[in-house]
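Be aware that the sequence shown starts at 527, since it is given in my numbering, and climbs by one per residue.
Positions of the beta carbon are idealized from the N, C-alpha and C atoms, including for glycine.
Predicted model, so just to flag it, every value in this text is computed and none were measured.
The structure appears below as structure tokens.
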Amino acid sequence: MPKVILHIDMNSYFASVEQQANPLLRGKPVGVCAYLPKTKHGNGCIIASSIEAKKVGIKTGMRIADAKKIYPGIILVQNEPAKYRDTTEIIFGILGQYTDQVEPYSIDEAFLDLTGWVANLSQAEKLGQEIQHRITVEAGEWLRASIGIAHTRWLAKFGSDIAPKGGTLLIAPDNVEKIFSSVRITEAWGIKQPTAWRLWQLGITTLNELRHYPVANLLATLGKPGYYLWANVNGIELDGVAQTPAAPKSIGHSYCIPKRTSQRSYLRPILAKLCERTGRRLRAQQLEANGIMAYCGIVHGHGVGGSKRLPSPLFTTPDIFRQADALLFSRPLPDIATMVAVSVFGLTPLSQQQSLFTDILTPKRVACTLDAINDKYGEHAVATGAMWGTGNNAPDRVGYRKTVAVPQTQPAITYIPDFA
Ligand SMILES: [Mg+2]
527 MPKVILHIDM NSYFASVEQQ ANPLLRGKPV GVCAYLPKTK HGNGCIIASS
577 IEAKKVGIKT GMRIADAKKI YPGIILVQNE PAKYRDTTEI IFGILGQYTD
627 QVEPYSIDEA FLDLTGWVAN LSQAEKLGQE IQHRITVEAG EWLRASIGIA
677 HTRWLAKFGS DIAPKGGTLL IAPDNVEKIF SSVRITEAWG IKQPTAWRLW
727 QLGITTLNEL RHYPVANLLA TLGKPGYYLW ANVNGIELDG VAQTPAAPKS
777 IGHSYCIPKR TSQRSYLRPI LAKLCERTGR RLRAQQLEAN GIMAYCGIVH
827 GHGVGGSKRL PSPLFTTPDI FRQADALLFS RPLPDIATMV AVSVFGLTPL
877 SQQQSLFTDI LTPKRVACTL DAINDKYGEH AVATGAMWGT GNNAPDRVGY
927 RKTVAVPQTQ PAITYIPDFA
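Structure below.
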């Protein structure tokens, strides 16, 4: 029995949530920024733009100064991660009522395996429309989602990518050829320009040509990735919907420095705060890290810093900070800093193993207790002295690839499938 997969992707998510919260922003070009520029020519960039902002040419990642040149009337708002997480929780709560298999893919995307809950793809499409409607009622009338429905995960995601904004797209074996002929090959999930170029060298310029290309040739020239591409466009399932998102390879945070300085006394507390954020996420996932990277971008030339593997894994914030600090600030910075970043890698599940020589469990327990206090009373209710004086620097951020857990509810399907 073929699977029935639905992929949902919220449209212009952060900006739409802002417009939902403030009706005065609706229908207007809005740019969500990491932080608002302090001066008229302040730096910083747009991390999300509203549908209206995209229409006038303002793209995600664009510098604020450039956005203002394109459209001087752009309304800038500072991002508020808690707002997006709360809205995502409502949306994922709705999704969890349609199947027990929801894979949160990012803060505004999820895969649903509806196999067994519906009889066919068109019933899944009806469910998708119901979900879209419920989101506008329960999470906010300004929120729109694109939905793709197909027999495989890849095709469902591809479907929501090219579906009309706020609409659904069903990709079935009998319409896939027609849909493929309507899009450029680079619009397909995972086919970026370099891949498109390699395919072009084989004489493949469209998704349909890729679909009908001899798979043995693709394997011989592109290796395994060639097979994956071919399987994806041929509706062969490779991944399926994961119940829990894959464990991250690394966890890290970075911050663009608004002040022009190379002073360690200013930068170290910011690093400490980034280490605390990193540590909190590490511990929340019950992981420990066997390596660390710390980096400082500078105005002229390449950045400074480095990375290393560690003989014993990192878990607590002071341990992470000690290592990051040594990598970055054991010598004076050669130039004015532009950004500070820290990330931990080599992540493994937390081991409770006791060291023969040192008490390693007590600091771990203390770290978890501090996290619990901060969870309850707000971020930085308890903070280390190293973070003192950072004020509003390095505020909480939310990245698209960070997800929100699906609230634990029993699927209570409201749509009764018609199996006739
Ligand atoms: Mg989206």
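- Short note on Glu635: C-beta closer than 7 angstroms to some heavy atom of ligand 1.
- Contact between the stretch 557-564 and the stretch 681-699 is absent: fewer than 3 CB-CB pairs across the two stretches fall below 8 angstroms.
- In the DSSP assignment, the residues bridged to Cys559 are Ile572, Gln604.
- In this structure, the alpha-carbon of Glu814 lies about 46 angstroms from that of His738.
- Considering only Arg790, Ala820, Asp626, Thr747, the residue with the shortest C-alpha distance to Ile846 is Ala820.
- Under the DSSP assignment, Pro784 falls in the beta strand (DSSP E) whose first and last residues are 776-787.
- Per DSSP, reduced to three states, the secondary structure at Phe847 is helical.
- DSSP, reduced to helix, strand and coil, places Arg589 within a strand of the structure shown.
- Residue pairing by DSSP places Pro740 opposite no residue, since no beta bridge is assigned to it.
- For the pair Cys894 and Arg809, the Cα-to-Cα distance works out to about 7 angstroms.
- In the structure shown, Val830 falls within a strand segment according to DSSP collapsed to helix, strand and coil.
- Note that the C-beta distance between Leu653 and Gly674 is not below 8 angstroms.
- Under the three-state reduction of DSSP, Thr747 is assigned to helix.
- The beta carbons of Lys554 and Ile601 sit about 6 angstroms from each other, so the pair counts as a contact at 8 angstroms.
- Here Arg835 carries a strand assignment [DSSP, helix/strand/coil].
- By the Cβ-count criterion, His533 is buried, with 16 or more other Cβ atoms from all chains shown falling within 10 Å of its own Cβ.
- Assignment of His533 by DSSP, reduced to helix, strand and coil, places it in the strand class.
- Between Leu640 and Met536, the CB-CB gap reaches or exceeds 8 angstroms.
- Going by C-alpha positions, Thr613 is about 6 angstroms away from Ala665.
- For Gly729, the three-state secondary structure derived from DSSP is coil.
- Between ligand 1 and Asn605, a heavy atom-to-CB distance of less than 7 angstroms is absent.
- In terms of Cα proximity to Gly827, the closest of Ile899, Ala863, Pro839 is Ala863.
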